[in-house]
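Under our numbering, think of the first position of the sequence shown as 512, with each following residue one higher.
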Amino acid sequence: MAPDRPRRWAAVATAGLLASGCAFATNSQDPGRQQVTSAAVPKLGRIIVDDKGRTLYLFAADPPNRSTCFGACASIWPPATTQGRPGTSGGTQAAMLTTIARSDGPRQLVYAGHPLYYYQADTGRGDAQGQGITQFGAPWFALTPQGRIQTTGSAHGGFQP
Numbered sequence: 512m513a514p515d516r517p518r519r520w521a522a523v524a525t526a527g528l529l530a531s532g533c534a535f536a537t538n539s540q541d542p543g544r545q546q547v548t549s550a551a552v553p554k555l556g557r558i559i560v561d562d563k564g565r566t567l568y569l570f571a572a573d574p575p576n577r578s579t580c581f582g583a584c585a586s587i588w589p590p591a592t593t594q595g596r597p598g599t600s601g602g603t604q605a606a607m608l609t610t611i612a613r614s615d616g617p618r619q620l621v622y623a624g625h626p627l628y629y630y631q632a633d634t635g636r637g638d639a640q641g642q643g644i645t646q647f648g649a650p651w652f653a654l655t656p657q658g659r660i661q662t663t664g665s666a667h668g669g670f671q672p
């Protein structure tokens, strides 16, 4: 029986790592009340970000006020969620910020009718590696504080939704 013990511990450790990865893929690093603000990000100009400076994106395939990103999509593009009424600062407009219900977790932030997401490869303040990427059938873009799609810095520079 002793030789099986290391295998069991390895299985437990692997399960723990997978669970922590799934927790990262949702917005569990900040499950409380979310704050949306703006920041100047290199190559993009002033865009909306969370209160930690992480870029928030829209998915061009989403219809107004409805998310279509679940499962594998949401593991790469975790929805920006809030538990409680979200707030604004730094030039973002409170009248443009709402939330929608998700079947897979807390309420998702919506700005100017666009459900908001993080990009898993962005690891800190000012990262915007998801800008202009086409995944899951459509491109992903940052938003300006005025609620417009920011196509600057995009591989799809001429994209108009």
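Glycine included, each C-beta is placed from N, C-alpha and C at the ideal position.
Can you tell me which residues form a DSSP beta bridge with residue i?
i: isoleucine 611; result: Gln619
i: proline 553; result: The partner list for proline 553 (beta bridge, DSSP) is empty, contrary to what the question assumes.
i: proline 626; result: Val621
i: alanine 646; result: According to the sequence displayed, residue 646 carries glutamine and not alanine. Answer is Ala649.
i: proline 590; result: Tyr628
i: leucine 569; result: Phe652
i: glutamine 661; result: Ala653
Excluding five sequence neighbours on each side, which residues of the same chain lie with their C-beta closer than 6 Å to the C-beta of residue i?
i: glutamine 664; result: The question names glutamine, yet the displayed sequence has glycine at residue 664. The residues are Lys554, Leu555, Gln642.
Just tell me which of the options has its CA closest to the CA of residue i.
i: glutamine 657; options: His625, Gly616, Ile587; result: His625
i: cysteine 584; options: Thr593, Gly543, Tyr629, Ala612; result: Tyr629
i: leucine 567; options: Phe647, Ile611, Gln631; result: Gln631
i: proline 597; options: Thr579, Gly543, Ile660, Thr662; result: Gly543
i: threonine 592; options: Thr634, Arg636, Gly637, Ile611; result: Ile611
i: valine 547; options: Gln594, Pro589, Gly602; result: Gly602
i: threonine 655; options: Arg613, Pro617, Gln594, Leu627; result: Leu627
i: arginine 565; options: Ile644, Arg636, Ala550, Thr645; result: Arg636
i: arginine 613; options: Thr634, Thr645, Pro590, Asp562; result: Pro590
i: glutamine 545; options: Asp638, Leu608, Ile644; result: Leu608
Using beta-carbon positions only, say whether residue i and residue j come within less than 9 Å of one another.
i: leucine 569; j: phenylalanine 647; result: no
i: glutamine 661; j: isoleucine 587; result: no
i: proline 617; j: glutamine 640; result: no
Kindly list the residues whose CB is nearer than 7 Å to the CB of residue i, restricted to its own chain and excluding five residues on each side of it in sequence; keep chain order.
i: phenylalanine 581; result: Asp615
i: threonine 560; result: The sequence as given places valine at residue 560; threonine does not occur at that position. Hits under 7 Å: Thr548, Ser549, Ala550, Thr566, Leu567.
Checklist line | At least three beta-carbon pairs within less than 8 Å, the stretch 607-623 to the stretch 565-576 | finding: yes
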